[in-house]
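K.L.:
Encoded as structure tokens, here's the structure I'll be asking about.
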């Protein structure tokens with residue numbers, strides 16, 4: 001269309017109106033074009049983030065589904081390891097970022113996705129009530145309001161840890177015309193003549209329970225202009241470990257009174273004095289938890305620091321123990337095993353989970369039908385265990401004899417039939433030999449209802465130490481390693497009993513500073529904690 005073809009009005013006002021209309025349309029078109037360009041940019045950004053998330057999801061799928069297939073147990077599946085938890089957090093963060101981008105592109109009037117329902121906040125949390133009254137308009141003047149209801153919502157708020165200074169005044173008095181001065185005694189503290197109160201429990205729990213090394217805590221304190229040198233905090237921890245050693249030793253003595261103990265060990269790199277280099281030392285973990293077979297004793301764990309991983313350590317730790325020892329197959333534990341036809345020692349019970357992991361690696365790579373068949377058969381064992389968790393030992397052993405024994409027999413027949421047909425140097429042969437060589441220990445759970453099918457109880461207790469170790473890099477020296485073992489024993493035992501370790505440790509230090517009698521040590525233990 002050319003300008004000559006336009007049907008323009010002769011009236012000037014009509015012509016002006018027509019021009020204004022055309023200008024308005026052009027302006028809307030420009031705005032629309034800008035919105036389209038903005039949406040295209042947002043979509044491109046979202047596509048890029050989605051592509052990145054897909055790469056993360058590929059790794060996460062292997063973790064999520066692979067590990068679930070391997071574990072075959074709700075109880076174990078709930079224990080995500082650190083790597084998987086990190087991946088999950090990153091995926092959730094990425095998804096939230098994309099959702100925010102999309103919501104912003106929709107504009108304020110667009111329909112929003114309904115939020116997912118969540119559990120209410122714990123009742124013990126402080127509630128700060130904020131009342132938001134509506135504005136009264138001019139037309140409401142003189143009218144009486146009648147409350148017909150209200151909408152209530154709860155949002156979580158947090159106040160960062162706050163430093164404060166406790167100023168203690170002890171006035172001195174003298175009496176007129178009398179000799180002598182009276183003054184109250186200074187209160188006792190765990191760190192005498194030092195600057196911290198028993199709230200130094202916060203530093204201990206942050207380091208040994210939450211994996212926050214002292215140098216990081218030092219930086220956090222400085223944000224509040226509190227200058228506490230990490231070396232000073234380290235000396236506080238050494239004093240704390242010394243004072244708490246009696247409680248850690250008591251915990252271990254109670255563990256050795258149990259009918260069954262779980263044992264495991266993990267590395268703890270430790271600095272060599274004067275060299276600046278680290279050597280490999282070890283935390284040995286011994287756990288007790290009678291709940292799976294209906295016992296009433298509290299769960300607990302004790303760590304022991306050693307500079308080696310030999311059987312001498314086990315023999316010293318468990319000297320005189322005659323109960324059941326559940327282990328991962330490490331030969332050092334044979335030092336405390338019962339001799340044939342005798343009871344002078346511990347009865348060793350194997351961990352089926354350690355055997356299963358060897359087959360699972362082959363199953364996950366689709367490199368062995370025997371490994372896949374093994375994993376499927378083993379899944380039935382854990383399904384049986386899940387159904388009778390918490391039952392009495394008699395019920396458990398009867399169920400295992402009726403259902404699990406046949407599965408175990410089939411597995412060993414499959415392995416024995418397979419061995420002559422495969423290379424002895426193959427990974428499958430290694431996995432089969434591991435199971436066959438430990439058959440007696442693996443089959444113990446069929447004959448005693450107190451025995452678990454695996455040793456995951458102690459593995460869950462030792463996993464936090466691996467995380468703390470990773471963050472801290474190493475223990476400063478052997479003394480630091482013993483302090484680590486002592487404080488971690490009590491913090492992890494508190495967690496196993498669903499006790500807040502900070503509340504327990506603060507109260508315990510206050511009681512010990514005030515001279516709590518050693519004859520009543522059981523009342524100080526985490527499983528007896530009362531606020």
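In the working numbering, the protein residues as written are 1 to 531.
Quick reminder that beta carbons are idealized off the backbone N, C-alpha and C, glycines included.
Remember, it's a predicted structure, so these values are computed and weren't measured experimentally.
Sort 346, 354 and 340 by Cα distance to residue 330 and report the nearest one.
P.N.:
Out of 346, 354 and 340, 354 has the C-alpha closest to the C-alpha of residue 330.
K.L.:
Run through the DSSP bridge pairs and tell me what residue 261 is partnered with.
P.N.:
Paired residue(s): 325.
K.L.:
Does the beta-carbon of residue 493 have 16 or more other beta-carbons within 10 angstroms, so that it is buried, or is it exposed?
P.N.:
Classification of residue 493: buried, given that the 10 Å Cβ count is 16 or more.
K.L.:
Are residue 263 and residue 285 close, meaning C-beta to C-beta below 8 Å?
P.N.:
Taking 8 Å as the Cβ cut-off, residue 263 and residue 285 qualify as a contacting pair.
K.L.:
Using DSSP bridges, identify the partner residues of residue 236.
P.N.:
For residue 236, which the question treats as bridged, DSSP gives no partner whatsoever.
K.L.:
Would you mind reading off the limits of the alpha helix (DSSP H) that contains residue 536?
P.N.:
It is not possible to answer for residue 536, since the shown part of the chain is limited to 1 through 531.
K.L.:
Quick one: what's got a C-beta closer than 6 Å to residue 221's C-beta in the same chain, skipping five residues either side?
P.N.:
Cβ neighbours of residue 221 beyond the five flanking positions: 228.
K.L.:
Where DSSP assigns a beta bridge to residue 281, which residues make up the other side?
P.N.:
In DSSP, residue 281 forms a bridge with 268.
K.L.:
Between which two residues does the beta strand (DSSP E) holding residue 347 run?
P.N.:
Note, residue 347: beta strand (DSSP E), 347-349.
K.L.:
Hey, residue 259 and residue 323 are a contact pair by Cβ (cut 8 Å); roughly how many whole angstroms apart?
P.N.:
At roughly 5 Å, the Cβ-Cβ gap stays under 8 Å, so residue 259 and residue 323 are in contact.
K.L.:
Which whole-angstrom value is the C-beta distance of residue 431 and residue 359, which I expect to be below 8 Å?
P.N.:
Indeed they touch by this definition, with Cβ atoms about 5 Å apart.
K.L.:
Out of 418, 305 and 186, which has the shortest C-alpha to C-alpha gap to residue 486?
P.N.:
Taking only the C-alpha atoms, the option nearest residue 486 is 305.
K.L.:
Could you pull the start and end residues of the alpha helix (DSSP H) that residue 455 belongs to?
P.N.:
Run containing residue 455: none; DSSP gives neither H nor E here.
K.L.:
Under a three-way DSSP split, which group does residue 130 fall into?
P.N.:
Of the three classes helix, strand and coil, the one that applies to residue 130 here is coil, per DSSP.
K.L.:
Using C-beta distances below 7 Å, list every residue in its chain close to residue 410, excluding the 5 sequence neighbours before and after it, in chain order.
P.N.:
Here the set comprises 377.
K.L.:
Check this for me: beta carbons of residue 352 and residue 453, under 8 Å apart or not?
P.N.:
Yes, the Cβ-Cβ distance between residue 352 and residue 453 is below 8 Å.
K.L.:
At a cut of 8 Å, does the region 492-512 reach the region 228-237 through at least three beta carbon pairs?
P.N.:
No, the region 492-512 is not in contact with the region 228-237.
K.L.:
Could you name the residues of the same chain whose beta carbon sits closer than 6 Å to that of residue 418, not counting the 5 residues immediately before and after it, in chain order?
P.N.:
Excluding residues within five positions, the ones whose Cβ falls inside 6 Å are 370.
K.L.:
Taking contact to mean 3 or more Cβ pairs, one atom from each stretch, closer than 8 Å, check whether the region 514-528 and the region 241-255 are in contact.
P.N.:
These segments touch.
K.L.:
Roughly how many angstroms separate the alpha carbons of residue 350 and residue 455, rounded to a whole number?
P.N.:
So the alpha carbons of these two residues sit roughly 8 Å apart.
K.L.:
Any idea what DSSP makes of residue 503, helix, strand or coil?
P.N.:
Helix, per DSSP.
K.L.:
Use the C-beta contact count for residue 408: other C-beta atoms within 10 angstroms, 16 or more gives buried, fewer gives exposed.
P.N.:
Classification of residue 408: buried, given that the 10 Å Cβ count is 16 or more.
K.L.:
Which same chain residues, not among the five before or five after residue 298, have their C-beta less than 6 Å away from its C-beta?
P.N.:
So the list reads 497 and 527, once near-sequence residues are dropped.
K.L.:
Let me check one thing: in DSSP terms, what residues is residue 288 bridge-paired to?
P.N.:
Per DSSP, 300.
K.L.:
Return the residue from the list 442, 404 and 398 that minimises the CA-CA distance to residue 449.
P.N.:
Among 442, 404 and 398, the Cα nearest to that of residue 449 belongs to 398.
K.L.:
Near residue 224, which residues of its chain fall below 6 Å by C-beta distance, leaving aside the five closest residues on each side in sequence?
P.N.:
If we look at residue 224 and ignore the five residues flanking it on each side, its Cβ neighbours are 163.
K.L.:
Spatial neighbours of residue 412 within its chain, please: C-beta separation below 8 Å, excluding the five flanking residues on both sides.
P.N.:
Cβ within range, chain order: 435, 436 and 439.
K.L.:
How big is the Cα-Cα spacing for residue 517 and residue 509?
P.N.:
Distance between the alpha carbons of residue 517 and residue 509 is about 13 Å.
K.L.:
With a cut-off of 8 Å, does the C-beta of residue 287 fall near any C-beta of chain D?
P.N.:
The question asks about chain D, but that chain is absent: this structure has only one protein chain.
K.L.:
In this structure, how does DSSP classify residue 615 when only helix, strand and coil are distinguished?
P.N.:
In the structure displayed, the chain extends from 1 to 531; residue 615 sits before or after that span and is not available.
K.L.:
According to DSSP, is residue 547 part of a helix, a strand, or is it coil?
P.N.:
Since the first residue shown for the chain is 1 and the last is 531, residue 547 is missing from the structure and cannot be characterised.
K.L.:
Nearest by alpha-carbon distance to residue 131: which of 143, 121 and 151 is it?
P.N.:
Of the listed residues, the one whose Cα sits closest to residue 131 is 151.
K.L.:
Would you report the Cα separation of residue 356 and residue 214, rounded to the nearest angstrom?
P.N.:
C-alpha separation (whole angstroms): 39 Å.
K.L.:
Whole angstroms is fine: what's the gap from residue 137's alpha carbon to residue 129's?
P.N.:
Near 25 Å, if we compare the C-alpha coordinates of residue 129 and residue 137.
K.L.:
If you follow the alpha helix (DSSP H) that residue 205 is part of, which residue opens it and which one closes it?
P.N.:
Run containing residue 205: none; DSSP gives neither H nor E here.
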